[in-house]
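Read the structure below first, then the notes.
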Amino acid sequence: MSQHDFDAIVIGSGISGGWAAKELTEKGLKVLLLERGRSITPADYVGEHKPAWQFPFRQLGDRTRYARDYPIQSTCYAFGEPTEQFWAKDSEQPYGQDPAHPFRWIRGNHLGGKSLMWGRTTPRWGPINFEENKRDGHGVDWPIRYDDIRPWYDHVEEFIGVSGQTEFDSPFAPVGRFQPGMAMNACETFVADSIRKKFPDRRLTIAPSAVLTRPLHGRAPCHYCGPCERGCSTGSYFSSISSTLPAAKATGNLTIVTDSVVAGLDYDPKTRKVSGVRVVDQNTRAGRRYTARIVFLNASTLASTQILLNSTSESFPNGLGNRSGVLGHYLMDHPYLTVSGVIPGLLDKYTIGNRPAGVWMPRFHNVDGQTAPFLRGFSYEASASRANWTDGVSMPGYGAAL
Amino acid sequence: MKHVSESFEPGRNSLDRRAFVQLAATFGLSLSVPGFAAKSPTLTADELTLIGEVSELIIPTTDTGGALSAGVPGFVKMMLADWFSAAERENFISGMNEFAAGALKKHGKKFQELTASQKDQYFSELLTTAEGGAPAPRTPFVVLMKRLTIFGYYTSELGATTELRQQVATAQYEPAATFKPGDRADSGIPGAMYWFNAS
């Protein structure tokens, strides 16, 4: 490593960057982890356990400021007065988009990235998911199958801690190395039993979720406060901050440099490798270049693409790895629909604690051949909760009677 | 049904319920809470009295404190000054003025000077009309007051911890606990975003 600053450079500290840093440092490599945003420690979880009346707008948030600074980020369910410090300001980092095909680019530019605010539902893909390109002819047949990935699922689940059910082994969501799953509440159990009676092949179960129900690597089991996206001082849900970065630091091989935006990658046509990473300090605007034998680009789908497109050279005039011209095209958002309803009854039941894992129904269409009038399928994620005081707004009347 | 509580293991790093209450208390104390400094006074003392009296009709003092004890007028003042849009604010103010003028016209006295039963009857008629008819293009004052009072009350410390039962960090999850008549309901919606319609 004499001619290099580090053995490896990892760009980005979110879920994949944290994992790359952990794996590489544990193999003995000296690793530089670059993060474009500020550092984060559990002391930055300022909204955690904070009741509504301690927020200036009682958790409604400053909507005038949100409309100006966070018009896109504020569309994410996890955005709000207790968590607004974790989102990139759209006003400071605007991007162009086709009005006919808008894309909600949700960004967390800080150490840990979106692993702080993510949804935590972590099902496995099943064997069918890896074979469907071949089966229905849409897309190129992948060179890997479930059995190739399975040991890595085991490795990741055991380290990050995934709690989930172990009774129903769906062809689209195999049971993994799970900690005991959280329980469904009375209403969810009622719905699950009703579905199972009518549709034996469909199961509503607790969703595999990267939240602990058992202690793991110095992290405590969930304490059921509920809104994980505020940050978790006991490290009970998986984030880079709670899990992978502490492990990487413990090796003594990790150097973290925050506030460093990657401007581009240098390409050496002689070695045909990336020879350096150019960064700009987001506060001082000072430039700097780092070198390493290998570079891992883990800046998120769009930011990694942005870095490649910005890395132009004589060899790659349209961006590194973009001889095809396809880089940055054919991006697809995660489409979803939301429905809700009211189940009357069960008035003698409630929950103690706020469970941070949802329930879900794995895909059940087109399991054995083509049985539905569309390709492939979809899954459901859900949760049920008891009606509460907010219903008072829409009930007629006032006073003690209300 | 399998309860998670059965599988809860107090380990080296797990925290029991008491430790959590202490942790939460420490958090509460160490956090600085920005004050509700109103940008400009939008309501006179007289108007705040009117708002206070209307809010107390909506959530009166019973065995627990009512809207006034929970500081609802201050909440309404903050929302009006810093959260409502200009059009929403104008609608609220004009509705409030009509409400006050209507009482004066009907009884020859200001709303604040009416007897308790006159106040109740006047407010009741307006609310019943507003909630019974077709939705108005702009929400009537009495309905806005009802929304603001309910929201302000149940998100106040009094409303969330005395009238309701607040669960911060229970350490265990009981998925199907028994709820008896008279039990206090959960103050919940722990999620990030509440909802409020002021238009």
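Sequences listed follow chains A and B, in order. Just add 97 to wherever you are in the first sequence, counting from 1, and you've got my numbering. Just add 3 to wherever you are in the second sequence, counting from 1, and you've got my numbering. Virtual Cβ for every residue (Gly too), placed ideally from N, Cα, C.
Query                                                                                                                                                                                 : Result
Please tell me whether residue 463/A and residue 455/A are closer than 8 Å, where the distance is taken between their beta carbons.                                                   : no
Pairs of beta-carbons, one from the stretch 136 to 156 of chain A and one from the stretch 146 to 166 of chain B, closer than 8 Å: are there three or more?                           : yes
Compare the C-alpha of residue 105/B against each of 56/B, 125/B, 135/B, 132/B and name the closest.                                                                                  : 125/B
Determine, using beta carbons only, whether residue 60/A and residue 137/B come nearer to each other than 8 Å.                                                                        : There is simply no residue 60/A to check, as chain A begins at 98 and stops at 499 in what is shown.
Would you mind telling me which residues of chain A sit closer than 8 Å to residue 92/B, beta carbon to beta carbon, in chain order?                                                  : Per Cβ cutoff of 8 Å: no residues; residue 92/B is ~12 Å from chain A at best.
Taking 8 Å as the limit between beta carbons, can you name the residues of its chain near residue 412/A, skipping five residues before and five after?                                : 364, 366
List the residues of chain B whose Cβ lies closer than 7 Å to the Cβ of residue 450/A, in chain order.                                                                                : 170, 173, 175, 176, 177
Taking Cβ-Cβ distances shorter than 8 Å, what residues in chain B pair up with residue 282/A?                                                                                         : 178, 179
At least one CB of chain B closer than 8 Å to the CB of residue 155/A: is that the case?                                                                                              : yes
For residue 196/A, count the other beta carbons within 10 Å of its own beta carbon; 16 or more makes it buried, fewer makes it exposed. Which is it?                                  : exposed
On a Cα-Cα basis, can you pick out the residue from 488/A, 225/A, 174/A that is closest to residue 201/A?                                                                             : 174/A
DSSP three-state label for residue 288/B, please.                                                                                                                                     : Any question about residue 288/B goes unanswered here, given that chain B covers just 4 to 202.
Does the stretch 375 to 389 of chain A come close enough to the stretch 345 to 364 of chain A to have 3 or more Cβ pairs within less than 8 Å?                                        : yes
For residue 86/B, which option in 160/A, 250/A, 176/A has the closest C-alpha, if you only look at C-alpha atoms?                                                                     : 160/A
When we look at the beta-carbon of residue 395/A and count the other beta-carbons within 10 Å, is it buried (16 or more) or exposed?                                                  : buried
Which word fits residue 145/B, buried or exposed, when buried means at least 16 other C-beta atoms lie within 10 angstroms of its C-beta?                                             : buried
Quick one: does residue 146/A have its CB under 8 Å from some CB of chain B?                                                                                                          : yes
Using a Cβ cut-off of 7 Å, which residues of the stretch 56 to 73 of chain B contact any Cβ in chain A, in chain order?                                                               : 60, 61, 63, 65
Buried or exposed, going by whether 16 or more other CB atoms sit within 10 Å of the CB of residue 398/A?                                                                             : exposed
Leaving aside the five residues before and after residue 104/A along the sequence, list all residues of the same chain whose C-beta is less than 8 Å from its C-beta, in chain order. : 98, 121, 126, 127, 128, 389, 390, 391
Output needed for residue 292/A: all residues of its chain with C-beta closer than 8 Å, excluding positions within five of it in sequence on either side, in chain order.             : 299, 300, 301, 458
Output the distance between the C-alpha atoms of residue 249/A and residue 499/A, rounded to the nearest integer angstrom.                                                            : 56 Å
Is the separation between the beta-carbon of residue 308/A and that of residue 221/A shorter than 8 Å?                                                                                : no
Find the nearest neighbour of residue 180/B within the set 450/A, 471/A, 497/A, 493/A, judged by alpha-carbon distance.                                                               : 450/A
Name the residue from 115/A, 443/A, 479/A, 481/A whose alpha carbon lies nearest to the alpha carbon of residue 211/B.                                                                : The requested residue 211/B does not occur in the structure, where chain B is confined to residues 4 to 202.
Does the CB of residue 447/A have a neighbour CB from chain B at under 8 Å?                                                                                                           : yes
Would you please state the rounded distance, in angstroms, between the beta carbons of residue 115/A and residue 212/A? I believe it to be under 8 Å.                                 : 7 Å
Considering residue 457/A, what are the terminal residues of the beta strand (DSSP E) in which it resides?                                                                            : 456 to 458
Between residue 234/A and chain B, is the shortest Cβ-Cβ distance under 8 Å, so that the two count as touching?                                                                       : no
Can you tell me whether DSSP reads residue 154/A as helix, strand or coil?                                                                                                            : coil
Based on the DSSP secondary-structure assignment, which residues constitute the bridge partners of residue 270/A?                                                                     : 267/A
Which two residues bound the contiguous alpha helix (DSSP H) that contains residue 115/A?                                                                                             : 112 to 123
Would you say residue 312/A and residue 305/A are within 8 Å of each other, going by their C-beta atoms?                                                                              : no
At least one CB of chain B closer than 8 Å to the CB of residue 444/A: is that the case?                                                                                              : yes
Could you pull the DSSP bridge partners for residue 260/A from this structure?                                                                                                        : 276/A, 306/A
Let me confirm a value: residue 383/A is counted as buried when at least 16 other C-beta atoms fall within 10 Å, else exposed. Which label applies?                                   : exposed
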